[in-house]
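Data first, discussion second: the structure below is written as structure tokens.
Protein chains: 2
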Amino acid sequence: MAGVTLKTVAKAVGVSPSTVSNAYNKPDQLSTTLRERIMAAAQELGYAGPDASARALRSGKAGAIGVLFTDKLAYAFSDPYAVGFLAGLAEVAEEFATSLLLMPLSSTDIAGGSNAVQQAAIDGAAIFCVPGGHPALEILANRGIPAVSTDRGDHPALSWVAIDEVEAAAQLGEHLARLGHRDVVVLVDNAQAAGGRPVELTPDEVGYTDCELRIRGLQKAMPDARLRIVSGGHNAFASGQRGAEYALDSQDRPTAIVGLSDVQALGALEAMKVRGLTPGRDLTLAGFDDIPAAETAGLTTVRQPIKDKGRAVGRILLDPAVTERQLLMPTRLIVRSSSGPAPKR
Amino acid sequence: MAGVTLKTVAKAVGVSPSTVSNAYNKPDQLSTTLRERIMAAAQELGYAGPDASARALRSGKAGAIGVLFTDKLAYAFSDPYAVGFLAGLAEVAEEFATSLLLMPLSSTDIAGGSNAVQQAAIDGAAIFCVPGGHPALEILANRGIPAVSTDRGDHPALSWVAIDEVEAAAQLGEHLARLGHRDVVVLVDNAQAAGGRPVELTPDEVGYTDCELRIRGLQKAMPDARLRIVSGGHNAFASGQRGAEYALDSQDRPTAIVGLSDVQALGALEAMKVRGLTPGRDLTLAGFDDIPAAETAGLTTVRQPIKDKGRAVGRILLDPAVTERQLLMPTRLIVRSSSGPAPKR
DNA sequence: TCGTTTTTCTAGAACGATTTAGAAGATCGA
DNA sequence: TCGATCTTCTAAATCGTTCTAGAAAAACGA
Chain A
7 MAGVTLKTVA
17 KAVGVSPSTV
27 SNAYNKPDQL
37 STTLRERIMA
47 AAQELGYAGP
57 DASARALRSG
67 KAGAIGVLFT
77 DKLAYAFSDP
87 YAVGFLAGLA
97 EVAEEFATSL
107 LLMPLSSTDI
117 AGGSNAVQQA
127 AIDGAAIFCV
137 PGGHPALEIL
147 ANRGIPAVST
157 DRGDHPALSW
167 VAIDEVEAAA
177 QLGEHLARLG
187 HRDVVVLVDN
197 AQAAGGRPVE
207 LTPDEVGYTD
217 CELRIRGLQK
227 AMPDARLRIV
237 SGGHNAFASG
247 QRGAEYALDS
257 QDRPTAIVGL
267 SDVQALGALE
277 AMKVRGLTPG
287 RDLTLAGFDD
297 IPAAETAGLT
307 TVRQPIKDKG
317 RAVGRILLDP
327 AVTERQLLMP
337 TRLIVRSSSG
347 PAPKR
Chain B
7 MAGVTLKTVA
17 KAVGVSPSTV
27 SNAYNKPDQL
37 STTLRERIMA
47 AAQELGYAGP
57 DASARALRSG
67 KAGAIGVLFT
77 DKLAYAFSDP
87 YAVGFLAGLA
97 EVAEEFATSL
107 LLMPLSSTDI
117 AGGSNAVQQA
127 AIDGAAIFCV
137 PGGHPALEIL
147 ANRGIPAVST
157 DRGDHPALSW
167 VAIDEVEAAA
177 QLGEHLARLG
187 HRDVVVLVDN
197 AQAAGGRPVE
207 LTPDEVGYTD
217 CELRIRGLQK
227 AMPDARLRIV
237 SGGHNAFASG
247 QRGAEYALDS
257 QDRPTAIVGL
267 SDVQALGALE
277 AMKVRGLTPG
287 RDLTLAGFDD
297 IPAAETAGLT
307 TVRQPIKDKG
317 RAVGRILLDP
327 AVTERQLLMP
337 TRLIVRSSSG
347 PAPKR
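Here it is, written out as structure tokens:
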């Protein structure tokens with residue numbers, strides 16, 4: 007069973023290794039009868055097809071693309087937004103018979119050489135919500151691996167599929183401004199607050215580029231409003247809940263809460279419910295992404311075509327026919343029952 | 007930039023390729039000064055470290071383990087249960103500097119040779135809720151790739167980390183029987199109903215082994231009860247909702263609904279809410295898994311240590327110190343407010 | 001029938017590393 | 001000072017394919 011290679015099969019059939027290789031990879035390069043004879047011999051010898059590593063080495067194609075996440079895996083997948091992205095990416099990957107290599111970025115061992123980003127056999131990388139200066143990106147660049155980010159980089163050579171964060175947030179900001187809101191709490195993802203108590207941040211302390219940009223967009227659209235930035239931890243339901251609790255129980259309660267992701271907004275919704283507050287009447291609540299649960303919850307949010315985003319990233323990485331390297335996807339404000347006019351002072 | 011290999015670096019420094027290899031892999035095999043000289047040269051030449059494919063070929067280690075899912079990726083990840091499993095697995099994988107290769111099993115191309123299972127460079131495989139006779143399993147076996155399943159196989163040679171499905175379901179069944187329930191609808195995952203209207207199944211038509219076993223366990227514990235098996239599609243919130251709608255709107259409404267996963271049960275909860283039914287009073291609702299949202303919702307459920315399950319699978323695959331090949335994890339019935347006595351007839 | 005094209009197959013060189021066995025020099029105890 | 005032991009480094013084989021170039025045989029057109 008072990009040690010059966012192309013050569014073994016070739017010898018058994020009495021042909022050259024090249025021919026056996028062709029039997030698997032280029033069936034039209036040899037006669038049907040011979041091909042069948044080879045396959046039969048392979049079956050008999052217990053040969054399971056060309057070795058993946060050897061093939062990868064020789065052909066220069068690993069047959070996999072890496073997916074980079076910030077934070078721990080669990081956080082990444084607890085957001086349907088991430089799942090949607092992955093689903094789109096997987097769709098294209100499947101089409102090109104390519105696998106997805108998940109590469110959780112544990113912040114610790116990035117410096118050392120023994121991390122997944124350094125070692126992984128991949129043809130390309132999809133960079134999902136990883137901030138610009140991350141060391142993993144440099145490693146990829148060094149290795150010469152094509153990468154596509156979900157955030158717009160400032161580097162003109164970088165490929166990305168993104169949305170106009172500022173503009174998207176501005177759409178929402180205008181909506182809120184029109185409703186009369188001037189006191190808004192923004193819930194952001196932040197490592198600092200993870201596990202502990204919620205923290206209030208200055209705009210400079212907000213880590214992720216996209217969060218920064220969204221805040222800027224909000225502020226741009228509502229210049230007279232006071233924006234407070236609060237984080238209850240990583241991007242997750244519970245973080246939104248904690249952050250909202252902090253905001254709702256504080257002395258000067260805001261008239262609107264914006265979660266920079268729907269999961270956080272839904273967490274905030276839970277906090278409101280517990281306090282007997284009705285969204286859209288007592289307090290306005292809005293999110294980002296438009297995940298399926300947002301509709302059920304009646305959450306006002308900014309929709310972005312996340313599955314298409316995943317597909318586009320996949321196409322840029324895998325489809326030679328696609329030459330666009332930078333793609334701006336459309337967004338749309340979806341107004342639902344969770345937003346309403348600010349109460350009069 | 008391109009074409010820089012170990013050899014190039016070796017030549018530049020004036021040492022043998024072996025030494026450069028050692029500089030990366032066995033730093034204590036050469037003097038510090040030489041190692042630093044080599045690293046400096048590598049940096050200068052733009053050498054990003056040993057090529058992953060070549061290393062994989064020569065050393066026989068791919069540095070990745072595959073994760074097999076049934077169905078489409080999106081379904082898989084929409085369940086926090088799956089996410090928990092993956093998180094546990096990823097934890098161990100990270101510890102062993104190994105990546106996870108996601109392999110969605112599109113049912114179509116399994117027969118052909120060009121599918122991920124056939125091609126992927128992996129050292130082992132974690133089989134997540136894939137039914138016993140699946141062709142992918144045979145392919146793995148042919149390739150001689152060690153695999154660990156989350157379902158107990160009948161094959162004594164197979165590795166698995168599982169729960170006693172029958173016993174776990176029986177715990178829940180006893181609870182329901184004690185409460186006087188004799189008319190139960192069980193919500194199951196089923197491909198038949200996917201996308202379309204809910205279907206009612208006979209026990210024989212239930213596909214997945216674990217669903218079968220759970221139903222058997224329920225029936226065992228409540229021999230006098232009538233169990234009806236309903237599916238609203240794949241394992242997801244919406245399927246549970248659809249399935250429950252079907253059951254709730256039917257002529258003879260059951261006194262209890264059991265989702266064979268919490269996500270399905272939570273979907274059912276939504277259907278109940280819409281109809282103004284209070285779980286635990288008007289109707290008993292129970293689930294399986296005890297995902298985080300179950301607690302919030304007050305859902306009675308059977309807890310299984312899913313993250314530990316993932317960890318255990320990882321250890322069996324990666325940790326040579328672990329010799330156990332079959333592991334039965336404990337389960338526990340968690341009674342919450344969603345279950346209550348059956349209404350008197 | 002003869003050159004030409006097409007089909008079918010092969011030899012041998014990569015692909016880029018790791019591994020094994022061992023050589024050369026340094027260190028050490030007595 | 002001498003043999004033994006470490007340390008540091010190397011030569012050459014090997015991992016299992018795929019690729020390039022081309023040979024031999026078959027089919028074809030005129």
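If you're matching them up, the sequences are chains A and B in order.
Numbering of the first sequence is given in our numbering, commencing with residue 7 and proceeding in unit increments.
Numbering of the second sequence is given in our numbering, commencing with residue 7 and proceeding in unit increments.
Cβ coordinates follow ideal geometry from the N, Cα and C atoms, glycine included.
Just to confirm the assignment, what range does the alpha helix (DSSP H) spanning residue i have?
i, result
"residue 165 of chain B", "Run containing residue 165 of chain B: none in the alpha helix (DSSP H); it sits in the beta strand (DSSP E), 165-169."
"residue 322 of chain B", "312-324"
"residue 90 of chain A", "86-101"
"residue 278 of chain B", "268-280"
"residue 223 of chain B", "215-227"
Pick from the options: whose alpha carbon is nearest that of residue i?
i, options, result
"residue 296 of chain B", "B/91, B/15 and B/192", "B/91"
"residue 108 of chain B", "A/87, A/142, A/144 and A/71", "A/71"
"residue 199 of chain B", "B/220, B/333 and B/247", "B/247"
"residue 321 of chain B", "B/98, B/47 and B/43", "B/98"
"residue 141 of chain B", "B/65, B/257 and B/122", "B/122"
"residue 349 of chain B", "B/288, B/125, B/30 and B/335", "B/288"
"residue 353 of chain B", "B/93, B/165, B/210 and B/64", "Any answer about residue 353 of chain B is impossible in this case: the structure gives chain B only from 7 up to 351."
"residue 126 of chain B", "B/151, B/139, B/347 and B/301", "B/151"
"residue 169 of chain A", "A/346, A/310 and A/229", "A/310"
"residue 14 of chain B", "B/149, B/47 and B/34", "B/47"
"residue 185 of chain B", "B/231, B/249 and B/328", "B/231"
"residue 267 of chain B", "B/38, B/66, B/31 and B/87", "B/87"
"residue 255 of chain B", "B/239, B/242, B/143 and B/280", "B/280"
If residue i and residue j are in contact, beta carbons under 8 Å, what's the gap, nearest whole angstrom?
i, j, result
"residue 341 of chain B", "residue 306 of chain B", "5 Å"
"residue 156 of chain A", "residue 315 of chain A", "6 Å"
"residue 136 of chain A", "residue 95 of chain A", "Not a contact, Cβ separation roughly 15 Å."
"residue 260 of chain B", "residue 271 of chain B", "Going by Cβ atoms, the distance from residue 260 of chain B to residue 271 of chain B rounds to 14 Å, so no, they are not a contact pair."
For residue i, I'd like the list of residues in its chain whose CB is within less than 8 Å of its CB, leaving aside the five on either flank, ordered along the chain.
i, result
"residue 103 of chain A", "69"
"residue 228 of chain B", "179, 180, 182, 183, 187, 188 and 190"
Excluding the 5 residues flanking residue i on each side, which residues of the same chain have their C-beta closer than 6 Å to its C-beta?
i, result
"residue 117 of chain A", "Note that residue 117 of chain A scores 49 on pLDDT, short of 50, meaning its location in the model is unreliable and no value can be drawn from it."
"residue 174 of chain B", "308 and 337"
"residue 262 of chain A", "182, 187, 190 and 290"
Hey, could you find the ends of the beta strand (DSSP E) residue i is sitting in?
i, result
"residue 295 of chain B", "290-295"
"residue 307 of chain B", "306-309"
"residue 71 of chain A", "70-75"
"residue 265 of chain B", "262-265"
"residue 339 of chain A", "338-340"
"residue 130 of chain B", "130-134"
"residue 234 of chain A", "232-237"
"residue 153 of chain B", "153-155"
Who are the Cβ neighbours of residue i in its own chain at under 7 Å, not counting the five residues just before and after it?
i, result
"residue 206 of chain B", "234, 235 and 236"
"residue 12 of chain B", "23, 26, 27 and 56"
"residue 171 of chain B", "216, 219, 220 and 223"
"residue 10 of chain B", "51, 52 and 53"
"residue 29 of chain B", "36, 41, 44 and 45"
"residue 159 of chain B", "138 and 166"
"residue 286 of chain B", "343, 344, 345 and 346"
"residue 18 of chain B", "47 and 51"
Give me the chain A residues within the contact set of residue i, using Cβ-Cβ distance strictly less than 9 Å, ordered along the chain.
i, result
"residue 86 of chain B", "83 and 84"
"residue 334 of chain B", "By Cβ distance, chain A contributes nothing, its closest Cβ being about 24 Å from residue 334 of chain B, past 9 Å."
Can you pull the chain A neighbours of residue i, defined as C-beta to C-beta under 7 Å?
i, result
"residue 27 of chain B", "Within 7 Å Cβ-Cβ: nothing; residue 27 of chain B doesn't reach chain A, min ~13 Å."
"residue 267 of chain B", "What residue 267 of chain B touches in chain A: nothing, since even the nearest Cβ is about 16 Å away."
"residue 323 of chain B", "Per Cβ cutoff of 7 Å: no residues; residue 323 of chain B is ~15 Å from chain A at best."
"residue 124 of chain B", "55"
So which residues on chain B does residue i lean against when the C-beta distance must stay under 8 Å?
i, result
"residue 149 of chain A", "54 and 55"
"residue 121 of chain A", "103"
"residue 107 of chain A", "70, 105, 106, 107 and 108"
Residues of chain A with CB closer than 8 Å to the CB of residue i, please, in chain order.
i, result
"residue 35 of chain B", "In chain order: nothing, as chain A lies at least about 15 Å away."
"residue 278 of chain B", "By Cβ distance, chain A contributes nothing, its closest Cβ being about 14 Å from residue 278 of chain B, past 8 Å."
Run through chain B and tell me which residues come within less than 7 Å of residue i, C-beta to C-beta.
i, result
"residue 59 of chain A", "59, 62, 63, 68 and 127"
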